[in-house]
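Chains as they are written, first to last, in the working numbering: chain P, 17 to 514; chain Z, 17 to 514; chain C, 17 to 514; chain R, 17 to 514.
Ideal Cβ positions, reconstructed from N, Cα and C, are used throughout, including at glycine.
Let me begin by presenting the structure, written as structure tokens, before commenting on it.
Protein chains: 4
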Amino acid sequence: MLESIGHLINGEIHSEEEQAQAVYNPATGEPCAQVCMASEQTVAMAISAAKQAYPAWRNTPPAVRAQVMYRFKQLLEDNQDTICELVSREHGKVLSDAKGELARGIENVEFACGIPELLKGEHSRNVGRDIDAWSELQPLGVVAGITPFNFPAMVPLWMWPSAVMCGNTFVLKPSERDPSCVLYIAQLAEQAGLPKGVLNVVNGGADAVNQLIDDDTIQAISFVGSTPIAETIYQRASEKGKRCQALGGAKNHAVIMPDADIDNVTSALMGAAYGSCGQRCMAISVAVAIGDKVADALVDKLKHQVEALKVGPGSDDTNEMGPLITAAQKDKVTNYVTQAVEQGAELIVDGRNLVVLGYESGFFFGGTLFDKVTPAMDIYQQEVFGPVLVVVRVNSLEEAVSLINQHEYGNGTCIFTRDGEASRYFSDQVMVGMVGINVPLPVPVSYHSFGGWKRSLFGDLHAYGPDSVRFYTRRKAISQRWPTGEAKDGTLFSFPSL
Amino acid sequence: MLESIGHLINGEIHSEEEQAQAVYNPATGEPCAQVCMASEQTVAMAISAAKQAYPAWRNTPPAVRAQVMYRFKQLLEDNQDTICELVSREHGKVLSDAKGELARGIENVEFACGIPELLKGEHSRNVGRDIDAWSELQPLGVVAGITPFNFPAMVPLWMWPSAVMCGNTFVLKPSERDPSCVLYIAQLAEQAGLPKGVLNVVNGGADAVNQLIDDDTIQAISFVGSTPIAETIYQRASEKGKRCQALGGAKNHAVIMPDADIDNVTSALMGAAYGSCGQRCMAISVAVAIGDKVADALVDKLKHQVEALKVGPGSDDTNEMGPLITAAQKDKVTNYVTQAVEQGAELIVDGRNLVVLGYESGFFFGGTLFDKVTPAMDIYQQEVFGPVLVVVRVNSLEEAVSLINQHEYGNGTCIFTRDGEASRYFSDQVMVGMVGINVPLPVPVSYHSFGGWKRSLFGDLHAYGPDSVRFYTRRKAISQRWPTGEAKDGTLFSFPSL
Amino acid sequence: MLESIGHLINGEIHSEEEQAQAVYNPATGEPCAQVCMASEQTVAMAISAAKQAYPAWRNTPPAVRAQVMYRFKQLLEDNQDTICELVSREHGKVLSDAKGELARGIENVEFACGIPELLKGEHSRNVGRDIDAWSELQPLGVVAGITPFNFPAMVPLWMWPSAVMCGNTFVLKPSERDPSCVLYIAQLAEQAGLPKGVLNVVNGGADAVNQLIDDDTIQAISFVGSTPIAETIYQRASEKGKRCQALGGAKNHAVIMPDADIDNVTSALMGAAYGSCGQRCMAISVAVAIGDKVADALVDKLKHQVEALKVGPGSDDTNEMGPLITAAQKDKVTNYVTQAVEQGAELIVDGRNLVVLGYESGFFFGGTLFDKVTPAMDIYQQEVFGPVLVVVRVNSLEEAVSLINQHEYGNGTCIFTRDGEASRYFSDQVMVGMVGINVPLPVPVSYHSFGGWKRSLFGDLHAYGPDSVRFYTRRKAISQRWPTGEAKDGTLFSFPSL
Amino acid sequence: MLESIGHLINGEIHSEEEQAQAVYNPATGEPCAQVCMASEQTVAMAISAAKQAYPAWRNTPPAVRAQVMYRFKQLLEDNQDTICELVSREHGKVLSDAKGELARGIENVEFACGIPELLKGEHSRNVGRDIDAWSELQPLGVVAGITPFNFPAMVPLWMWPSAVMCGNTFVLKPSERDPSCVLYIAQLAEQAGLPKGVLNVVNGGADAVNQLIDDDTIQAISFVGSTPIAETIYQRASEKGKRCQALGGAKNHAVIMPDADIDNVTSALMGAAYGSCGQRCMAISVAVAIGDKVADALVDKLKHQVEALKVGPGSDDTNEMGPLITAAQKDKVTNYVTQAVEQGAELIVDGRNLVVLGYESGFFFGGTLFDKVTPAMDIYQQEVFGPVLVVVRVNSLEEAVSLINQHEYGNGTCIFTRDGEASRYFSDQVMVGMVGINVPLPVPVSYHSFGGWKRSLFGDLHAYGPDSVRFYTRRKAISQRWPTGEAKDGTLFSFPSL
């Protein structure tokens, strides 16, 4: 019988009497565990546990709270192999890729260690005669996070370490596709000293999500996933009057200028487009070549490297790319490719018929490359979330920027050039939240915040980093004046000013 | 024929061929002007003007943009008498009160002068080897503000100076009850050098508001008004995927501790409860007395002062209180008082039958005081927005804080005490956004932000001050690495980390 | 033969062929080790090692450098018993006191972990048309710290963790009285991964200090010690054109208001005056009683508790107070007491003749209390650095503040009161760098900076916390404009402005 | 009889009974006024006035203080013609150059308007259980500034607006060469509402400077001038235990990369080298050409333009360059040129014998250009402070950076290139405080701070901008804990930690 993956509520694992759903190993196509799908009562219990834990946690000094994060960082490092194996088994990504993901997650834990500095409010002496004023960033209460399958270790660490260091308690609903590592990591946090109930994990589907959004105890929602779901969640949370940040999909363009070194660009694009089988919201899926000369050279080099991609199970670290997450996703990517051919895109490398020996039932899909794709094609407009890179040819940087700015998404982008002017024009004018200059995956480090523009993010504050501290706190403004023993003030009927 | 108040679009006043609605002088109860109610075409024209003006304004250096604010501040000061007369005539408030309001509005203009400092992003050298990263706070594009009748000069100045200094262009929809001063001030801004189309003013009602929310060009909505409208606007803007900050109603409590000087408290409460006829979102409408001894003394002193309140037209600066904004509001307040009597509140001073000689048709309402009000009564639960103060008696500070925390609103509050411990307990525990310690109207100065908690504010960022800069900008995170001439990088398929 | 304490240079211990000096166990009065006193060559070798290590360390990304601090924190916690035993043995303080010291030192290591956030510069887009500007906080190079005997574990951790995290390399010259724990801690840092040569420790006396100040390689000097030495060092470093922060002595006053709870005040003063045998720069050595009633009650209570002080070797954790650091210091304190009696101070408890059984040769000195001390007496004017508390009687808070402001030192102070007005008047008006309101030892937490006013600190930036990052870095301001391909600029002979 | 230029003390002009010294019009070589040289009594009177004005000014809320700056900005703009004529007459610079200078000075006034934001301290709730901590940046008291002749309008505005907005009062000792505009501007400040005694101006020489440094009332010294004087002042102020920032000389290099557009570079260098007759601490005086090809092209183009320089009195705005400041300075520059020729530098354009018709007694010196200058020559090592540009030829960017880093000065520098990698290598590695990338005079805007490295600045905080606020304030750290009514604390003898 398959291992059952439960919930972590108030420091205890709950896995009884619940509906369950299979978790697959995408490399074999076989179930490897089953995950409990939380009932309404289970979700309510998690919320209640977080509510109970809140008052004591709120009143714990931030510097004391931070001690948990220091120990947690150490435990994550000590147990990275276990975590990465869980990630690789259920998600499919190559072990070294899981390690990269975890490393970026640990970075967020490091950021959270600095909470005493980050929570500082602003103090003003004498805003008026003998009146002082200051601000405090107080915690919200119980907050919730909903995270996607593609970074099961990292994305939860974008959210809850910052939230709980701000003094909140948390209910996390991870993806039901690869829930094991989340649960394991949450238990490490408790081992590090996080009090019971401060972080609760519930597994489940849309019902659990809706319940979290609707429950009056939950003060804020953080979401990372696809744009349609992000939009729905943002609307539903706002309908309830809550604050929400909902990060959605992407179609990230790389612009290749004529002065770029094509060998370097090709290397960079191979990783950025095909790493993690293209299932990253920061993956490059469009290469915008400036001029045919650049395009021809680029396609030629890419072709050889895409054909040579080493695809196989993530547990073998010599592989460069693992499988897609589900059979359904494999079908979806296949359809996108077929449709693109029909719409006139030039298929340079076709990954549809890849078979990995010994893993014939795995959800593998070969690296795929298109040339001469146009903005009207679906393969250009849609987020494919698979190992498919399309080349679009334009004549100038201005045209490239205009193209990018017209796309509905605005998550990440990059430019390859040596030229200062080109880089500045690009970074200034492009309507995209994260910009790389010769950096193919410009994921900001943990002390800068992460967020896209346009339909890649709903809300005003970005994820992790400084913005997350503002998102997970409420500003309180205090004005203080002490009465002098003798003074008697007259009534001021008019509006007070200096 | 009455003067017609039009719209300011692309630097020109438009008042032709529109539906119009009367604007009243609340002191006389007579119409004093009529305001054009924008058609769909007019609103569209304003949005279009803002869109046209955006690119050039966005690219104007912030320090150059700031020059407009310096001149604008001077013009506001030079023309304060004219502005305050317009405010007083259409709103009804006493001239000195209008001056206080304007002074706080000018403070926001001063804050906006500092935009070069406020727009600074964060720069990190070597986030990885030879990789630098920085953030920019770029403008959103065209944004809109919707403002209430009660501070017609000040609240618009909370919004657009900060928004346009951030590089946005603006469409402002002020209250149709007292629109004249807004239009006058907007023209001063253009006189100060604000380019045409950067600030546009449209008058109108719910249709205009909905059109602003729904139009895809508008990137963000700021709203100040009542909670039901704030909630609706927040929901509708979020439904469209937009960022929104919507400030709503209030029921602000003042806690009077046994050690407080009752003479001082009485003076403070008189201004805070009856100034501007109670029509302030920061007005004190509940006095929470700790113990009967305090309550008895307080009610006794208040009674005499409320009875002695000098009520009359705002144009006479010796008056302490002017009329309510409309006849309908007068009826509403009357009903609240009548209902409270029926529900058992002890009516100490009854303002229902006040007649101001020579202004018999004015919307005047006398200062009203209740004692022994309980949390179950409507007069306690509802925002009355009139000159009505209720006294609630409790036995301890803990009980007072608990009372306040159970109310649906959490805008402002204050405590009167000399005691450090009481003040700290109160400011720490109370779930209210703006807290005064012996400051009856703790409106934060312009360089601290304004915002309530609970159902007093929807959104995560507060109004004006530092939060407004974050609200009116989008964060862009840039990661930069320059290729070295010789170096050839290998492909990194795994997720990049240090 | 006694253990020999050497230097740590470039990752190696050097203890050969040097002059040595005895290190005493102050509880026994016997030598417990001997410390090498660095020759000119040895100091030069340490400076050279730091210089060699600098370029690689400077170019290591801050987030990578921070990893050393995370591990170092863990090692300090794991080895706290060893460290505290070394501290107690050579300094004499009670073990629990040594633990308190170390805990505050570790706090500084935690602060240093946050270096990626702390090193952020400011970025401004469009300071002029198409001109961007930003600032970087770049390291200085090789910097030096000179630390006192009284906090051998903590004060070095105020300095070098922040300095090396900023990218500098360091030469530390600790006190020759209790050097063992410093060397031990430095070795833990290397065990944590600090590259050889980044932190070097040299033991020595005035010659070593002067050599460090004079050597052109050293870019900045941090010093903590007595005011005469601090002043000399500040002058000498400035003579060499270097930046210097030199923290000196103190005479910290506690003001006791009539509303204070005398039991609590007595408890607080006992720890603040006699803890660590009064050898703290933040020790309270003057109690300023407001009115005779307060003074009488206070002296009465203090008398009994001072007489009951449990004095003995620090290795016994049931003791409350250990010995003074040296026989010379014991003589000095004795002389101060004798002189005070001669000058008319009222001696309430006399600690001069204390004998600790079994430790007759130890440098013990009993808790001493004076009443009716006046500002003219030497015991009031001088920093005694021993377990001597004097009571000064004044009539008002204003008089107390005036008294404090006339003293040459301005390190720390505190007030005991419940009254908000008194606390605000005091904290606003008192010319002292660190103020406690009912906090007897207001040592700022690590993320706020430490520093006195007047002759307690020479320089402008305080120790540790945010100021230390500014002290250990040089600001670099970069203005950038990329040429457009076509544009030809005319010459601007006049000074450039917007 | 010549106009007598007095002192401004406590709001009154003092010009009686003092020694006086001639002020020259450098274009005519004739005296145009005489300046009073303050006696010891006069300086003491100025210090005393500042001391008297301090308490009231310190307690004036920053936002109220700022109103003076808003009005002052307006007055500076309204009177710019008068100011610039005074500057041009006594300094000699061309009117348009004086306007550029003044505009940058006004920028500093704008920065000072933002003082309420800039003075914010940091507030931390719960640094320990129920302990809050915050910092305040309190003013120092009376501070002094000593400013040079070359920017008589701008450099004083770097100092005192920031200092007085921080709450200090000020004594300014401007250059005795061109004192008129300083006095005029100070009077505008009083007209703007600056209270008497807050800003005092004394004219004088070295004795006045020394008196200011030595007087115990003066808390801090800001100086801008030549390096030998800066060093002396830094040493003397430090000897007195004071904080000091002393900005000295420069030898600013421009690096010209092979990819730079030589026409643009030539235009940029002409202004940067010869504007204001080279008498700017940010003037470019060394052009470092990478490779002979660049050097040959550059020298060729420069030659023609230098020969064509339009030199004449500054009052004629068609001139490009005015005279040197004094006859002595003319002799000094002449000697440098002569010596350079002797040492083997290749003289391309010789400005020694320039005669301006109608101004034969003026202190004019023609634009001078050297090629093939080597680091060993005096003309390379010394700050000439005249219209002399030298070309040094090197083979690589690395060599250029190494050259710059070996020079004793490190004020400003720039690079001309389109290449991102070159610019980043340069800005990262060069040991210079202000770096321009295609910006020939990288004077930071007012909201970034100004300061050189190495012997171009003594002290740790830079001039104007954020650093100036830290320089002109003392940090006060407050820790606050309110006693609970019941609680009785035990004594803590050990050092307090969390």
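Residue i - DSSP class collapsed to helix/strand/coil
i, result
"W150/C", "strand"
"M53/Z", "strand"
"P47/Z", "strand"
"P211/C", "coil"
"A356/R", "helix"
"L340/Z", "coil"
"P155/Z", "strand"
"R268/C", "Before going on, a small fix: residue 268/C reads as Asn here, not Arg. Reduced to three states, the DSSP call for N268/C is strand."
"H423/R", "coil"
"D347/C", "helix"
"Y86/P", "helix"
Identity of the residue in the options nearest residue i by Cα
i, options, result
"T342/C", "G468/C, G378/C and L325/C", "G378/C"
"R486/C", "G382/C, V180/C, P71/C and A82/C", "V180/C"
"N421/R", "N75/R, E437/R, V59/R and V451/R", "V451/R"
"N177/C", "P164/C, V371/C, A128/C and G367/C", "As written in the sequence, residue 177/C is Pro, which differs from the Asn given in the question. Of P164/C, V371/C, A128/C and G367/C, the residue nearest in Cα terms is A128/C."
"I306/C", "F432/C, C293/C and A208/C", "F432/C"
"I249/C", "K256/R, V198/R, E247/R and T243/R", "K256/R"
"H423/C", "Q445/C, H269/C and S331/C", "H269/C"
"L102/C", "V39/C, V159/C and G161/C", "V39/C"
"V77/C", "G161/C, G183/C and N95/C", "This sequence places Pro at residue 77/C; Val is not what is there. Out of G161/C, G183/C and N95/C, G183/C has the C-alpha closest to the C-alpha of P77/C."
Range of the contiguous alpha helix (DSSP H) that encloses residue i
i, result
"S254/P", "T243 to E255"
"L204/P", "S196 to Q207"
"C260/C", "Per DSSP, C260/C belongs to no alpha helix (DSSP H); it is in the beta strand (DSSP E), R259 to L263."
"G121/P", "L111 to C129"
Whole-Å CB distance - residue i paired with residue j, under 8 Å assumed
i, j, result
"K267/R", "S301/R", "6 Å"
"S472/C", "G426/C", "5 Å"
"G3/Z", "G27/Z", "The structure shown has nothing for residue 3/Z, since chain Z only spans 17 to 514."
Q: With 8 Å as the limit, tell me which residues of the stretch 285 to 313 of chain P have their beta carbon closer than that to any beta carbon of chain Z; keep them in chain order.
A: M286, G287, Y290, G291, S292 and R296
Q) Residues in the stretch 485 to 502 of chain R with C-beta within 7 Å of chain Z's C-beta atoms, listed in sequence order? A) Here the close residues are W498, P499 and T500.
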